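Heads up: the structure comes next, in structure tokens.
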Amino acid sequence: TDMTTILLENQGTLDKYIGDAIVGFFGAPMPVEDHEYWACVTALKMQAQIGVLRDRWESEGDRWPERVHYMQNRIGIHTGPMVTGNMGSTQRMNYTMMGDTVNIAARLESSAKQYGVYTHISEDTYSAVKDQMTVRELDKVIVMGRSEPIQTYELIAEKGQEPDLYKELVPRFQDALELYKKQHWAQARTAFESLVKLEDMFPGRKTNPSRVYLDRCIHFKENPPGEDWDGVWTLTSK
């Protein structure tokens, strides 16, 4: 209920619930100016609220299983054209959306788990909010079901509201990422090793972007990708 309220209060449209997931979109049925911004604000508010809920659940002790105390949201955001309208049959229909944009957003949500991040956005979204939001460049990937790569980012906070940790982490991570792109595996490995210690490994977080890239540096040092390598990583699962 809290997450749905945040979506609706920030110009979002509730599409449906799928299991424990909320599917929402912005800009339909009524146009929304700066819809990318509102999507990001919604995600940030949801992440803040799940923190409030975790504290409440933990304070209630044995009322909830321990894993509930560490519950997280994963969110994927992509910007692009989509089809919206009443879809279904004469017996039953609902107002919903469909299209490649929707599929990419779903892939971003699911692939966030592989990086240990919780809000995963595309470059199409980031380019519209880059002056308003702080992000961490994450990867250039080919997601399941697509042949073209997309640049992705971790959404962190609105500008000026970044946690102190990220003020140090983001620029250092970017420097390490540039070493990785240039195939300076040993230097990149050293940089990511130091960043692994800086990442916030809160309960329930199984990995983090620095750990992911550290493992890749070790792999590529032993198995060089070649001079024509474009830095693209292919995700092999949804």
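As numbered in the working numbering, residues 57 to 294 make up the sequence shown, in order. Cβ coordinates follow ideal geometry from the N, Cα and C atoms, glycine included. Note that the structure is predicted; figures quoted are calculated from it, not measured.
- Within the region 128-201, complete alpha helix (DSSP H) segments of at least 4 residues are found at 156-171 and 179-185, given in chain order.
- Counting the other CB atoms within 10 Å of its CB gives residue 245 a total of 16 or more, which places it among the buried residues.
- Within 10 angstroms of the beta-carbon of residue 123 lie fewer than 16 other beta-carbons, which makes it exposed.
- Inter-residue distance for residue 131 and residue 174 is about 6 Å (C-alpha atoms, whole angstroms).
- Look at residue 80 here: in three-state DSSP terms it is strand.
- In the DSSP secondary-structure assignment, residue 209 is bridged to 177 and 193.
- Classified as exposed, residue 230 has fewer than 16 neighbouring CB atoms from the shown chains inside 10 Å of its CB.
- For residue 289, the three-state secondary structure derived from DSSP is strand.
- Inclusion of residue 155 and residue 143 in the CB contact set at 8 Å is not warranted, their separation being larger than that value.
- In the DSSP assignment, residue 71 falls outside any alpha helix (DSSP H) and lies within the beta strand (DSSP E) extending over 68-74.
- Fewer than three pairs of CB atoms, one per stretch, sit closer than 8 Å, so the region 157-171 makes no contact with the region 112-126.
- The count of Cβ pairs closer than 8 Å, one atom from the region 171-189 and one from the region 210-217, reaches three, so the stretches are in contact.
- Distance between residue 94 and residue 88, taken at the CA atoms: about 9 Å.
- Residue 110 is positioned such that its CB atom lies no closer than 8 Å to that of residue 134.
- Under the rule that a run must span 3 or more residues, no beta strand (DSSP E) segment is found entirely inside the region 218-252.
- In this structure residue 60 is in contact with residue 78, their Cβ atoms being roughly 6 Å apart against a cut-off of 8 Å.
- Beta-bridge partners assigned by DSSP to residue 65: none are found.
- The Cβ-Cβ distance between residue 234 and residue 207 does not fall below 8 Å.
- Around the beta carbon of residue 197, 16 or more other beta carbons lie within 10 angstroms, which makes this residue buried.
- The residue among 290, 237, 177 and 225 with its C-alpha nearest the C-alpha of residue 283 is 237.
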